[in-house]
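In the working numbering, the protein residues as written are 2 to 124.
In this text, a Cβ means the ideal position worked out from N, Cα and C, and glycines have one as well.
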């Protein structure tokens with residue numbers, strides 16, 4: 002891969018990393034780090050109705066799942082940046098062939114070429 006292409010993908014990955022970190026921080030600050038009392042607006046700390054309590058718990062669980070998903074993506078982005086530094090970025094981890102430029106532009110943290118990715122999905 003040419004140096005110019007590496008710089009392009011590095012910028013893409015760093016932008017993606019920045020976006021993910023911002024989203025994780027937003028979710029943590031607005032959903033996970035607030036107490037039930039703050040979330041419900043109820044001074045007693047308890048939801049007035051059981052349905053409200055269920056909704057609060059659902060929203061919190063959803064936020065946890067979103068943070069977990071974003072953290073997995075962040076891991077993949079960091080690994081792609083590491084591969085860029087090592088010089089193995091853009092090479093399929095299964096077959097060793099080059100991952101297509103269009104695929105990398107769409108998913109810059111891709112580890113597998115399209116063929117190997119499809120095989121993995123099929124099981």
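Helix, strand or coil, according to DSSP, for residue 117 in the structure here? For the purposes of this step, residue 117 is taken as the residue at position 116 of the chain shown. Helix.
Are the CB atoms of residue 85 and residue 11 within a distance shorter than 8 Å? Your numbering for residue 11 matches position 10 in the chain shown. Your numbering for residue 85 matches position 84 in the chain shown. Yes, these two residues count as a Cβ contact at 8 Å.
C-beta contact flag for residue 25 and residue 72 at 8 Å: Indexing the chain shown from 1 puts residue 25 at position 24. Indexing the chain shown from 1 puts residue 72 at position 71. It is a contact, given that the beta carbons lie within the stated cut-off.
Take residue 59 and list the residues in its own chain whose beta-carbon comes closer than 6 Å to its own, dropping the five residues that flank it on each side. On the chain shown, residue 59 is found 58 positions in, with the first residue counted as 1. None.
Beta carbon of residue 14, beta carbon of residue 82: below 8 Å? Walking along the chain shown from the start, residue 14 turns up at place 13. Walking along the chain shown from the start, residue 82 turns up at place 81. Cβ atoms of residue 14 and residue 82: closer than 8 Å.
Rounded to whole angstroms, what is the Cα-Cα separation between residue 28 and residue 5? Translated into the one-based positions of the chain shown, residue 28 becomes position 27. Translated into the one-based positions of the chain shown, residue 5 becomes position 4. Cα to Cα, the separation comes out at about 35 Å.
Along the chain, where does the alpha helix (DSSP H) that runs through residue 4 open and close? Sequence index remark: in the chain shown, residue 4 carries index 3 (1-based). Note, residue 4: alpha helix (DSSP H), 4-28.
For residue 107, which of 121, 65, 97, 91 has the nearest alpha-carbon? If you number the chain shown from 1, residue 107 lands on position 106. That would be 91, whose Cα lies nearest to the Cα of residue 107.
With a cut-off of 8 Å on the beta carbons, I'd call residue 110 and residue 78 a contact; round off their distance for me. Indexing the chain shown from 1 puts residue 110 at position 109. Indexing the chain shown from 1 puts residue 78 at position 77. The pair is a contact, with the Cβ atoms about 5 Å apart (cut-off 8 Å).
Can you tell me whether residue 99 is helix, strand or coil according to DSSP? The residue you call residue 99 lines up with position 98 of the chain shown. Three-state result, residue 99: strand.
Residue of 103, 113, 76, 74 minimising C-alpha distance to residue 89: Translated into positions along the chain shown, residue 89 becomes position 88. It is 113 whose Cα lies nearest to the Cα of residue 89.
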